[in-house]
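Worksheet: the structure to be examined is printed underneath.
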Amino acid sequence: MLLLKSFFILGQFIQEISGRFFRYRLSPKQKEILAKHFLYYSSLRPRHQEEFLTKLEAILSTKQFIGRGGMKVVTEEMKVLIGATIVQVTFGLEKVALSHFKKVLIYPDSYYSRISKAYHRGEVNPRYGLIVLSWQSFVSGLADSNDGVNLGIHEVAHALKLENQIRYNGESDFFNPVLWEKYLEQSRQERENLKNGSDDFFRERGGVDDHEFFAVALENFFERPEKFKELKPTFYKTLVFLLRQDPITLKSGG
Ligand SMILES: [Zn+2]
């Protein structure tokens, strides 16, 4: 056990050192892509934009982006926009970088999973530390930025919930347990309302289980926070405290 722990500490140390020496630097073109295509970033106040860029460079220094299923080239645009989604979801949780998830696999479109024998647009694999995305679905989620459907946020939210429970790497347990209980209690009521048809703010996918509901709740939290807050002020506030950020007040106009 002790040996295993030392092994992980050593691994973390090497990763941290290599991240420091081979730090990813965003090119002016990538910053331009962000400003143009990533509304969350472009709406931030300048001070927060600086923090966002610093975290994004740290994330890109430690994650590997790999093309799959005929995706021959992973472009700088793909890296910057997927990395930015990770920063967005974890922006309030300063030290959280989803370090268990070291690889992002990118497929051109929906892909066939041999395990579930079905087509997927995205998934996370905690066993191998993978976040898997269809680029086409990622882009369409980003393009319509206030319909409450965003594949990137959805999959990163799955990874975030899992990362909180992973005990070995020193990054887990970042959710305040009292707030998490509060979240679970309120989310169960929301799921119930969704399933019995008395409320359709969250899309159907959220009714599947606790994991799916969390991912769908975060899609709405980031894509249409004003509407969310207006319709469900208590639940919205719980997410603000849990994620330690309020997408409404983070905006320069807010
Ligand atoms: Zn899901």
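Residue numbers (the working numbering): 109 to 362.
C-beta atoms are modelled at their ideal positions from N, C-alpha and C, and glycine is treated no differently.
Check: N-terminal and C-terminal residue of the alpha helix (DSSP H) that Ile141 is part of; Outcome: Pro136 to His145
Check: Closest by C-alpha distance to Gly178, when choosing among Tyr219, Gly305 and Val247; Outcome: Tyr219
Check: Assigned exposure category for Ala267 - 16 Cβ within 10 Å defines buried; Outcome: buried
Check: heavy atom of ligand 1 below 7 angstroms from Glu320 C-beta; Outcome: yes
Check: For Gly230, the first and last residue of its enclosing alpha helix (DSSP H); Outcome: Segment Gly230 to Asn233 is the beta strand (DSSP E) holding Gly230; no alpha helix (DSSP H) there.
Check: N- and C-terminal bounds of the alpha helix (DSSP H) containing Leu250; Outcome: Trp243 to Ala251
Check: Simplified DSSP state of Ala323, which is helix, strand or coil; Outcome: helix
Check: 4-residue-minimum alpha helix (DSSP H) runs that sit fully inside the region 329-353, ordered along the chain; Outcome: 333-339 and 341-351
Check: Residue(s) in a DSSP beta bridge with Phe199; Outcome: DSSP lists no partner for Phe199.
Check: Near ligand 1: Lys143 beta-carbon under 7 angstroms from a heavy atom; Outcome: The sequence given here places Ala at residue 143; Lys does not occur at that position. Not so, every heavy atom of ligand 1 lies at least 7 angstroms from the Cβ.
Check: Under the three-state DSSP convention, the category Lys269 falls into; Outcome: helix
Check: Buried versus exposed call for Thr342 [16 or more other C-beta atoms within 10 Å across all chains shown]; Outcome: exposed
Check: Residues bridged to Gly178 [DSSP beta-bridge criterion]; Outcome: None; Gly178 has no bridge partner.
Check: Pairwise C-alpha distance: Ser306 and Leu168; Outcome: 42 angstroms
Check: Residue from Ile356, His145 and Thr198 with nearest C-alpha to Val247; Outcome: His145
Check: Test item: CB-CB of Leu241 and Ile214 under 8 angstroms; Outcome: yes
Check: Length of the line joining the Cα atoms of Asp217 and Ala251; Outcome: 16 angstroms
Check: C-beta atoms of Leu164 and Leu189 nearer than 8 angstroms; Outcome: no
Check: Ligand 1 heavy atom lying under 7 angstroms from the CB of His91; Outcome: No answer is possible for residue 91: the residues shown for the chain start at 109 and end at 362.
Check: Backbone CA spacing between Val286 and Leu347 [nearest angstrom]; Outcome: 12 angstroms
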